[in-house]
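Chains as they are written, first to last, in my numbering: chain A, 821 to 1003; chain B, 25 to 344. Below is one structure, written out as structure tokens; the observations come after it.
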Amino acid sequence: MGFWIFLGIVAAVALWLVAVYNGLVAARNQAQTAWSQIDVQLKRRHDLIPNLVQVVKDAMGYEQETLTKVVQARNAAVAASGPAQAGPAEAALTVATRGLLGLVESYPQLKANDNIRQLQEELTTTENKIAFARQFYNDSVNAYDNRRQSFPAVLAAASLGFAPIPLFNMPEAEREVPKVALR
Amino acid sequence: MAATTDFVAAQKVNRRNTLVLLAVLTALAALVGYLIGWLVESESAGEVPALSAAGVAVAGMMAAVSIGWSALSLALGDRLVLALANAKPIDKADAPQLYNVVEEMAIAAGMPMPRVMVLETDALNAFATGTRVGKGTIAVTRGLLDTLDRDELQGVVAHETAHLANLDTRYMVVVGVTVGLIALVCDVLLRSLSWGRLGRTTRTGSSDRKGGGQALLIVLLLVVAILAPLAAKAVQMAVSRQREYLADATSVQFTRNPNGLISALQKLADRAAPFPGVSRATQHLFIVNPVQTVTSRTPALLATHPEIADRIARLRNLGA
Chain A
821 MGFWIFLGIV AAVALWLVAV YNGLVAARNQ AQTAWSQIDV QLKRRHDLIP NLVQVVKDAM
881 GYEQETLTKV VQARNAAVAA SGPAQAGPAE AALTVATRGL LGLVESYPQL KANDNIRQLQ
941 EELTTTENKI AFARQFYNDS VNAYDNRRQS FPAVLAAASL GFAPIPLFNM PEAEREVPKV
1001 ALR
Chain B
25 MAATTDFVAA QKVNRRNTLV LLAVLTALAA LVGYLIGWLV ESESAGEVPA LSAAGVAVAG
85 MMAAVSIGWS ALSLALGDRL VLALANAKPI DKADAPQLYN VVEEMAIAAG MPMPRVMVLE
145 TDALNAFATG TRVGKGTIAV TRGLLDTLDR DELQGVVAHE TAHLANLDTR YMVVVGVTVG
205 LIALVCDVLL RSLSWGRLGR TTRTGSSDRK GGGQALLIVL LLVVAILAPL AAKAVQMAVS
265 RQREYLADAT SVQFTRNPNG LISALQKLAD RAAPFPGVSR ATQHLFIVNP VQTVTSRTPA
325 LLATHPEIAD RIARLRNLGA
């Protein structure tokens, strides 16, 4: 009798541990999937920006400081990899692209250009998608961390290979919209 | 999950409620079926059987109807709704901004991209439908596309995405079937009761032999048969209104910008253009009720949607 009760308790504990482990795996996978979604959108932005720069340059007939800044920020962002590096680089790129979009807004002949309008919408949606994907990624990382740091997972998570995943932050300090000068 | 908890939890609750509702519905249909069979058999035989064979047969029939009706609505419901509303699927090239906004909201909700459709009318409205996870459709009117700016459109699409993410679209289908079936069953019950009573008046002598218990039961059944459809309708509308509030809140969770939806709702309230050809059968699906106008108010108890002013006030509380 006592043996069977003991066996029952062991089985229950084992089932519980399996559930804890599977929960950790699911949470980690969700965070990783969420990161790949951000990655897709960041790449899309990196591809869009040269097009927009080119079209603006063609329409204006000369290069502006804003355009050079955007191209520099874009190249720096392409070189960065992983949430920790990409965060600041992408934040800088966001500021630069806003400057470019602001430039477009202040020139009627640019605003009227169909190509530019289309690229503008694409860039806006990509910026939004990055923001929403980031929101979902950070929520997923939070959920993963909550599981990893709860008892009993906290005792074994690190030794089972459930390493911490960094949040994706784009520092807010550089977010002021830059002034667009006419020359 | 930190911020995603709300709609993930809402989805879980809706899933469970759907199952409970289906079980209760089937049991109820079987019970009423048994009562009808039992009444008919005891009337025609002139005595009360312990276990009515006719009752069991009708009960089985009613349960089958209930399950079949639900299964059919869940399988074909969204196709029917889209056909009724005359929604046309679009590509990204037709309405890039709408398409992009839907994509954004799908990313925010962490779910697959729903289908995008447009209703060719000047009225300002939108709805979502879908009975399976990841197989939803979001439809907006042409008038809405032409009138709203990007942020407002995003608010409306977020509200519809919230209905899909919360699985409200499936839950409301089952609620609709329940209400319809309760109305049908009560109708059948009323008819069979009057038929039974008619049978009894032709054989006046025999009615005295039956106990007062059965007479009381018949009166009780009569009251239930008259009140139940009304109560069911009121419950359905209450659930519908509550889902609207929840979708408004979830939409802000996605966009982190209550102002878009607030300003969209204001425009929808101000420019209530007539919505020709809209069916009363689909009115509860839309973001604002397309049938009721400002002048013809339905009593609050039977309204599919809360007052827009009330919704805006609640959104303002979310920190607009």
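C-beta atoms are modelled at their ideal positions from N, C-alpha and C, and glycine is treated no differently.
- For Arg848 of chain A, the CB contacts under 7 angstroms within the same chain, skipping 5 residues up- and downstream, are Tyr964, Phe982 in chain order.
- Contact between the segment 112-129 of chain B and the segment 164-177 of chain B is established, with three or more Cβ pairs separated by less than 8 angstroms.
- Counting along the chain, Thr161 of chain B sits inside no alpha helix (DSSP H); it lies in the beta strand (DSSP E) bounded by residues 161-165.
- Classified as exposed, Lys863 of chain A has fewer than 16 neighbouring CB atoms from the shown chains inside 10 Å of its CB.
- Here DSSP, grouped into helix, strand and coil, assigns Lys116 of chain B to coil.
- Within the segment 280-306 of chain B, contact with chain A at the beta-carbon level (separation under 9 angstroms) is assigned to Arg280.
- When secondary structure is reduced to three states using DSSP, Leu844 of chain A falls in the helix class.
- Under DSSP, Arg139 of chain B takes part in a beta bridge, and its partners are B:Thr161.
- Positions of the alpha helix (DSSP H) runs, each at least 4 residues long and wholly inside the segment 865-920 of chain A, are given as 885-899 in order along the chain.
- A straight line joining the alpha-carbon of Asp859 of chain A with that of Val197 of chain B spans about 37 angstroms.
- Annotation: the continuous alpha helix (DSSP H) that includes Ala293 of chain B extends over 282-294.
- In the structure shown, Phe299 of chain B adopts coil according to DSSP, grouped into three states.
- Taking a C-beta distance under 7 angstroms as the contact criterion, Ile311 of chain B and Val180 of chain B qualify as a contact pair.
- Excluding its 5 nearest sequence neighbours in each direction, Val315 of chain B has C-beta neighbours in its own chain below 7 angstroms: Val302, Arg304, Gln307, listed in chain order.
- Distance check between Leu292 of chain B and each of B:Val276, B:Asp211, B:Asn313 places B:Asn313 closest, using alpha-carbon atoms only.
- Bridge pairing for Ala152 of chain B: B:Ile162 [DSSP].
- It is roughly 21 angstroms from the alpha-carbon of Val898 of chain A to the alpha-carbon of Val875 of chain A.
- DSSP places Phe278 of chain B in the helix class (H, G or I) of the three-state scheme.
- Within the segment 923-966 of chain A, the complete alpha helix (DSSP H) runs of at least 4 residues fall at 928-931.
- For Gly84 of chain B and Leu49 of chain B, the gap between their C-alpha atoms comes out near 13 angstroms.
- Its chain contains Trp93, Ser94, Ser97 as the residues whose beta carbon lies nearer than 6 angstroms to that of Val201 of chain B, once the 5 sequence neighbours on both sides are disregarded; these appear in chain order.
- Using a Cβ distance threshold of 7 angstroms, Phe988 of chain A and Gly902 of chain A do not count as a contacting pair.
- Its Cα nearest to that of Ala288 of chain B, the residue B:Leu169 stands out among B:Leu169, B:Asp211, B:Arg267.
- Here the segment 915-924 of chain A makes contact with the segment 884-897 of chain A; the two share three or more CB pairs at distances below 8 angstroms.
- The way I'd put it, the segment 132-150 of chain B doesn't touch the segment 965-982 of chain A; fewer than three beta-carbon pairs between them come closer than 8 angstroms.
- Ala846 of chain A and Arg967 of chain A have their C-alpha atoms some 10 angstroms from each other.
- The contact set of Thr917 of chain A on chain B, defined by CB atoms closer than 9 angstroms, is empty, because the minimum CB distance reaches about 16 angstroms.
- For Gln178 of chain B, the enclosing alpha helix (DSSP H) stretches over residues 174-189.
- Here Gly101 of chain B has Thr153, Thr155, Val197 as same chain residues with Cβ atoms under 8 angstroms from its own Cβ, once five neighbours each way along the sequence are excluded.
- At a cut-off of 7 angstroms between beta-carbon atoms, Ala973 of chain A makes no contact with chain B.
- Counting only the Cα atoms, Lys877 of chain A lies some 58 angstroms from Arg40 of chain B.
- Rounded to whole angstroms, Val833 of chain A and Gly843 of chain A show a C-alpha spacing of 15 angstroms.
- In the DSSP annotation of this structure, the continuous segment of the alpha helix (DSSP H) that includes Val80 of chain B starts and ends at 77-109.
- For the segment 904-928 of chain A, the beta-carbon criterion of a distance under 9 angstroms to any beta-carbon of chain B is satisfied by none of its residues.
- A direct Cα-Cα distance of roughly 41 angstroms separates Val56 of chain B from Met141 of chain B.
- Shown here, Phe971 of chain A sits in coil according to DSSP, grouped into three states, outside any helix or strand.
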